[in-house]
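Taking it in order: structure first as structure tokens, then the write-up.
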Amino acid sequence: MMPELNDFQALMQGWTSLGPYNALDLIRLPGRADAARWREAIVQPVTEMGFQPPREIEAIYDEYIAGITAELNKPFVAGDAPMRFFLVNEPGGTHYFGVVFDHWFADSPSYRFFTRRAFENYKTPGAVSRLPALQFCRKPFATLFGKSHLHVVAGESIRAYCRHLHAYRIPIPDPMDFTSGFQHLQFPVGLIETIRGFGKKSGATVNDVFLAAALQTMGEFTAPDRSTKRSRIFRPKRDRIAFTTAVDIRPLASELLEDQIGCFISYYSMVAQNPEKMPLEKLTAQVAAYTRDVKSNRKALRFFQTFKPARMFWNYYKKPSQRALMMHRATPFLGGISNVNLTDSWIGRDDRLLDYIRVSPTGPLVPTVFTLSTIRDRLALSLTHRSAIFTREQAIAIATGFALRLKTL
């Protein structure tokens, strides 16, 4: 039986009634994929989670971009387990094993808990796993992170709305088209150290540098349209860029959540005026100062409280198109950053893995997501984008522009 959903999970589950909200986790291994062997490898962790394992892994692709794009846009069928699996056989004799989660169901660490067990089973078939059995987190969200009081929730929601009054709303031609596109880039080996060194000059983290580069990239992309927006009565000028950063709040819980399946994600947002006109060093320092304030005041948990009234508005709206535009109108984001350093994780320590790809969905919350993963001296970007808003060529230009900013630090 699934545990009680927190407010964000319940809202994400509502989004899946509009379109797929899928997150993906892939590992790359040498050799061609043995579909039957992978099916056997997932039986144990799937069963531990209380689901019925599939009879076989049916989805096998010839190219990972095509496979990821297809799985991003494939909805889950009602009544099925909120997870599925696919394989990619590459011409060079390597393959990917991919797991797709309906994102309301689990967060990024949960994917890796599962993938680790499947990988170990695949590499040593028939061996008894020494890893703890997977289990759902049964503790209520309020017990782990503290109870939200009504006046605090209302105050935080009003502050979030006011902070985004001048944030640019990118035009959405068809709010009900949630088709996603996907791009993937590998950065030069060792660039992550250059980025880290650049950040230290401004007292910034690597994520601060990523966020500043994304703000500049999207600021430049939208500058021509933003410059034509004029203020009107009751319609303030929207000349700023709002970006959101995903936060893993597991470390903020009152107890250790290792090897427990759940969805413990929050966000904080950065609003900047004309970031494309600022030197990247100055913008990074500005981002870093705000991030320090977020961390010291636990604003990621406070932002989580805004999902409660968001659920109320979701239930109030009856038309799917109203629900699709709800977040866009209240707190318009131009994009989001999801960043994780896996160097000290099992993925970073295991030389049997050739590569790892993490993919985040877009949905009604953000039209573009920059998902970055660091493994030792390697950095990779997965860019997901709503195809109704950005063409494939525009998405490539955005990814390339973002990468160029980092490569020329």
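So for the sequence shown, this note's numbering puts the first residue at -7; every next one is plus one.
Glycine included, each C-beta is placed from N, C-alpha and C at the ideal position.
The structure displayed is predicted, hence computed values, not measured ones.
Rank T186, A234 and P117 by C-alpha distance to the C-alpha of R268 and give the top, closest one. As a first step, residue 268 must be located in the sequence shown, where it is residue number 276. Checking the sequence, you will find Glu at residue 268 rather than Arg. For the residues T186, A234 and P117, the minimum Cα distance to E268 belongs to A234.
Under the three-state DSSP convention, the category M168 falls into: To locate residue 168, count along the sequence shown from 1; it is residue 176. Coil.
Does the beta-carbon distance from V279 to R232 come in below 7 Å? Translated into the one-based positions of the sequence shown, residue 279 becomes position 287. Translated into the one-based positions of the sequence shown, residue 232 becomes position 240. No, the Cβ-Cβ distance between V279 and R232 is not below 7 Å.
In three-state DSSP terms, what is S330? Position 338 of the sequence shown, counted from the start, is the residue given in the question as residue 330. In the structure shown, S330 sits in a strand (DSSP, three-state: E or B).
Length of the line joining the Cα atoms of P74 and E273: Stepping through the sequence shown from its first residue, residue 74 is reached at position 82. Stepping through the sequence shown from its first residue, residue 273 is reached at position 281. Each residue's Cα considered, the two are about 43 Å apart.
Taking the alpha-carbon positions, what's the H141 to V38 distance? Walking along the sequence shown from the start, residue 141 turns up at place 149. Walking along the sequence shown from the start, residue 38 turns up at place 46. Roughly 37 Å between the two C-alpha positions.
Name, in chain order, the residues that DSSP records as bridge partners for R161. Against the sequence shown, residue 161 aligns to sequence position 169. DSSP lists no partner for R161.
DSSP-derived helix/strand/coil call for Q5: As a working note, residue 5 is residue 13 in the sequence shown. Looking at Q5 - three-state DSSP - the assignment turns out to be helix.
Thinking C-beta only, is I60 closer than 7 Å to L79? By 1-based counting over the sequence shown, the position of residue 79 is 87. By 1-based counting over the sequence shown, the position of residue 60 is 68. The answer is no: Cβ separation not under 7 Å.
In terms of alpha-carbon separation, which member of S194, P301, K192 and P163 lies closest to L317? Along the sequence shown, read from residue 1 onward, the residue named residue 317 stands at position 325. Considering only alpha carbons, the answer is P163.
Looking at the structure shown, is N14 part of a helix, part of a strand, or coil, going by DSSP? Sequence index remark: in the sequence shown, residue 14 carries index 22 (1-based). Note: N14 maps to strand in three-state DSSP.
Where S365 falls: helix, strand or coil (DSSP): Translated into positions along the sequence shown, residue 365 becomes position 373. Reduced to three states, the DSSP call for S365 is strand.
Roughly how many whole angstroms lie between the Cα atoms of C129 and I257? For the purposes of this step, residue 129 is taken as the residue at position 137 of the sequence shown. For the purposes of this step, residue 257 is taken as the residue at position 265 of the sequence shown. Straight-line Cα distance between these residues: approximately 14 Å.
Please work out which residues of its chain come closer than 6 Å, Cβ to Cβ, to D104, disregarding the five sequence neighbours upstream and downstream, and give them in chain order. Taking the first residue of the sequence shown as 1, we reach residue 104 at position 112. Strictly speaking, residue 104 in this sequence is Arg, with Asp absent from that position. Same-chain partners within the cutoff: there are none.
Is the closest heavy atom of the ligand FAD to the C-beta of G138 under 6 Å? Of the ligands one can find in the structure shown there are none, so the ligand FAD has no counterpart to examine.
Note down, one range per segment and in chain order, each beta strand (DSSP E) of at least 3 residues found wholly within the segment 229 to 305. 232 to 240 and 257 to 265
Considering only the alpha carbon of each residue, which of M41, I187, T360 and R350 lies closest to G254? Here the question's residue 254 lines up with position 262 in the sequence shown. Comparing Cα positions, the closest option is M41.
Residue environment, M210, which counts as buried when at least 16 other CB atoms sit within 10 Å: The residue labelled residue 210 in the question sits at position 218 within the sequence shown. The residue is buried, with at least 16 neighbouring Cβ atoms inside 10 Å.
Going by beta carbon distance, what residues of the same chain come within less than 6 Å of N266, once the five residues before and after it are set aside? Here the question's residue 266 lines up with position 274 in the sequence shown. Answer for N266: no residue qualifies.
So does the segment 91 to 108 actually touch the segment 10 to 23, counting three or more Cβ pairs closer than 8 Å? yes
Under 8 Å Cβ to Cβ from L293, same chain only, skipping five residues before and after it: list those, please. Position 301 of the sequence shown, counting from 1, holds the residue named residue 293. These residues qualify, in order along the chain: F137, G138, I241, L244 and S258.
DSSP on A125, reduced to helix/strand/coil? Along the sequence shown, read from residue 1 onward, the residue named residue 125 stands at position 133. Three-state result, A125: coil.
In terms of alpha-carbon separation, which member of H320, L248, L207 and T276 lies closest to F362? Taking the first residue of the sequence shown as position 1, residue 362 is located at position 370. Out of H320, L248, L207 and T276, L207 has the C-alpha closest to the C-alpha of F362.
Separation of I381 from Y56, as counted between CA atoms: Here residue 56 refers to the residue found at position 64 of the sequence shown. Here residue 381 refers to the residue found at position 389 of the sequence shown. The alpha-carbon atoms of Y56 and I381 are separated by roughly 23 Å.
Can you find the residues in the same chain that come closer than 7 Å, C-beta to C-beta, to S102, ignoring five residues on each side of it along the sequence? In the sequence shown, counting from the first residue as 1, residue 102 sits at position 110. Same-chain partners within the cutoff: I253 and G254.
Compute the Euclidean distance between the alpha carbons of A322 and A277, then round it to the nearest angstrom. As a working note, residue 322 is residue 330 in the sequence shown. As a working note, residue 277 is residue 285 in the sequence shown. Taking the straight line joining both Cα atoms gives about 28 Å.
Using a Cβ distance threshold of 8 Å, determine whether the segment 326 to 334 contacts the segment 364 to 378, with at least three qualifying pairs required. yes
Taking DSSP as the reference, what is the three-state secondary structure of A196? By one-based count along the sequence shown, residue 196 stands at place 204. Reduced to three states, the DSSP call for A196 is coil.
I need the straight-line Cα distance from W30 to F97, nearest angstrom please. Position 38 of the sequence shown, counted from the start, is the residue given in the question as residue 30. Position 105 of the sequence shown, counted from the start, is the residue given in the question as residue 97. If I take the Cα positions, the gap works out to 22 Å.
Under the three-state reduction of DSSP, which class applies to V92: helix, strand or coil? Position 100 of the sequence shown, counted from the first residue, corresponds to residue 92. Looking at V92 - three-state DSSP - the assignment turns out to be strand.
Out of G71, F202 and Q297, point me to the one whose CA is closest to I150's CA. Translated into the one-based positions of the sequence shown, residue 150 becomes position 158. Cα-wise, what sits closest to I150 is Q297.
Between T236 and V358, which are expected to be in contact by the criterion C-beta below 8 Å, what is the C-beta distance as a whole number of angstroms? Residue mapping note: residue 236 aligns to position 244 of the sequence shown, counting from 1. Residue mapping note: residue 358 aligns to position 366 of the sequence shown, counting from 1. Contact flag correct, Cβ pair sits at about 6 Å.
Tell me whether the segment 107 to 127 and the segment 198 to 206 touch, counting them as touching only if at least three CB pairs, one residue from each stretch, are closer than 8 Å. no
Secondary structure at F43, three-state DSSP: helix, strand or coil? Position 51 of the sequence shown, counted from the start, is the residue given in the question as residue 43. Reduced to three states, the DSSP call for F43 is coil.
Identify whether L142 lies in helix, strand or coil by the three-state DSSP scheme. As a first step, residue 142 must be located in the sequence shown, where it is residue number 150. In this structure, L142 counts as helix in the three-state DSSP scheme.
With a CB to CB cut of under 8 Å and the five nearest residues on each side skipped, what residues in its chain are close to P165? Walking along the sequence shown from the start, residue 165 turns up at place 173. Excluding sequence neighbours, P165 sits near A380 and I381.
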